[in-house]
Amino acid sequence: MGSVKEYFSNFGSGLKSLIQGLSVTGKEFVTPKITEYYPEDRKTYKWPERFRAILELVYDAEGNHKCIACGTCERVCPNGTITLETKMVDTWDGKKKKKLDKYIYDLGSCTFCNLCVINCPTDALAFSNDFEQAAFTRDYLVKKLNYLPEKPEPAPTPEQIAKAQAEKQAKIEAAMKAKAARDAAAASGASPADAPAAAPATAEDKLAKAIADATAEFKAATTDEEKAKAKEKLQKLVAIRKAKTGK
Ligand code: SF4
Ligand code: SF4
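When we follow the working numbering, the leftmost residue of the sequence shown carries the number 1, and every step to the right adds one.
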C-alpha cells in the first residue's frame with residue numbers, strides 16, 4: 001500500500017516539475033527575441049564608429065588618397081603588418097618624386113593598436129568598422145590598400161610655371177652677371193679673386209650647406225679620429241666663410 005502512495009506522490013511531483021519547466025519554456029517562446037538579428041539586420045545595424053575592424057587608405061570624392069609614401073606607418077608598426085612598395089616618377093619640372101606603388105596590409109597580423117593611424121603625417125589612414133572579414137585562407141587577409149587606379153601627375157598651375165620660369169631666369173641672370181664681372185676683372189688686369197663673388201647668394205648658400213653638413217658629420221662621428229677629421233673640415237669651412245663675409 002505504501003508503495004502505491006509513494007508512486008502517486010512521485011508522479012505528482014514529477015508532473016508539477018514538468019508543468020513548471022514547460023511554463024518557463026512557453027514564456028520564453030512568446031517573449032520577443034533580445035539577441036541580435038545578425039545577419040538579417042546587417043544592412044541596418046549600426047556598429048560603433050570607433051570599432052577598429054580593418055585599416056584603410058582614406059580616399060576623397062575624386063579618388064585621391066593622401067599617402068606620400070614616407071614609410072612612417074611601416075616603421076612604427078610593431079608587427080611588420082604594413083609593407084610599402086614605392087617608385088620614383090618624373091614631375092613636370094624635371095625633378096624626381098617618390099610615390100606609393102603598393103600599400104600591403106596583413107589583417108591577419110594586425111593588433112589594431114592604431115599606431116600607424118596616429119603617426120601618419122598626412123592623415124592618410126583610418127580604421128573602418130567593416131567587421132565582416134572572415135576568410136578561409138590567410139592569403140585573403142593580405143590586402144592592397146591603394147586599390148583605385150593611380151592618377152597621372154597633376155599638370156602644373158600657371159602660378160607654378162611662372163615661378164619656375166622666374167627662378168630659371170634669375171639663375172641665368174646671376175650667371176651672366178658673374179661672367180661679366182670676371183671678364184671685366186680680367187680686362188683690367190685684376191686677379192679673378194678680386195672680381196665680385198659669382199652669384200653671391202648661391203655661393204653663400206652652398207657654403208652654408210657645406211658647414212651644416214660638416215657640423216652634422218662632426219656630431220655623428222663616433223671615434224676620436226673621425227671627430228678630429230670632421231673638426232678640421234669644419235674649421236676650414238668656417239675660415240673660408242670668415243674670409244668672405246667677415247662673419
Ligand atoms: S605614414 Fe601615412 S603618408 Fe606615410 S607611408 Fe604611411 S600612410 Fe603614407
Ligand atoms: S594598427 Fe598597429 S598592428 Fe595594425 S597595422 Fe597599424 S601599427 Fe600595425
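We put the CB at the ideal spot given by N, CA and C, even for glycine.
Which of helix, strand or coil DSSP assigns to residue i
i, result
"L141", "helix"
"I19", "helix"
"A166", "helix"
"S9", "helix"
"A199", "Note that A199 has pLDDT 48, beneath the 50 cutoff, so the model's placement of it is unreliable and no number is given."
Close-in-space but distant-in-sequence residues of the same chain around residue i (CB under 7 Å, 5 per side omitted)
i, result
"K98", "A69, T86 and M88"
"G108", "R138 and L141"
"H65", "L57, V58, Y59, A124 and N146"
"V117", "L125, A126 and F127"
"A214", "A230, K233, L234 and L237"
"A210", "L237"
Pair within 9 Å by beta-carbon distance, residue i and residue j
i, j, result
"E56", "L145", "yes"
"T81", "C110", "yes"
"C67", "A124", "yes"
"N129", "P48", "yes"
"A53", "Q133", "yes"
"W92", "E153", "yes"
"L115", "V76", "yes"
"C113", "P158", "no"
"K96", "T83", "no"
"F51", "F131", "yes"
"F218", "K227", "yes"
Close beta carbons around residue i, own chain, < 6 Å, minus the five adjacent residues each side
i, result
"K143", "Y105"
"I240", "none"
"G63", "L148"
"L3", "First, the residue type needs correcting, since residue 3 is Ser and not Leu in the sequence shown. So the list is empty, once near-sequence residues are dropped."
Residues sharing a beta bridge with residue i, DSSP
i, result
"V89", "K97"
"Y105", "I82 and K143"
"A251", "A query on residue 251 cannot be resolved here, the shown segment of the chain reaching from 1 to 247 and no further."
"L207", "According to DSSP, which records beta bridges pairwise, L207 is partnered with nothing at all."
"A126", "E56"
Proximal residues to residue i (C-beta, below 8 Å), its chain only, five neighbours per side dropped
i, result
"E167", "none"
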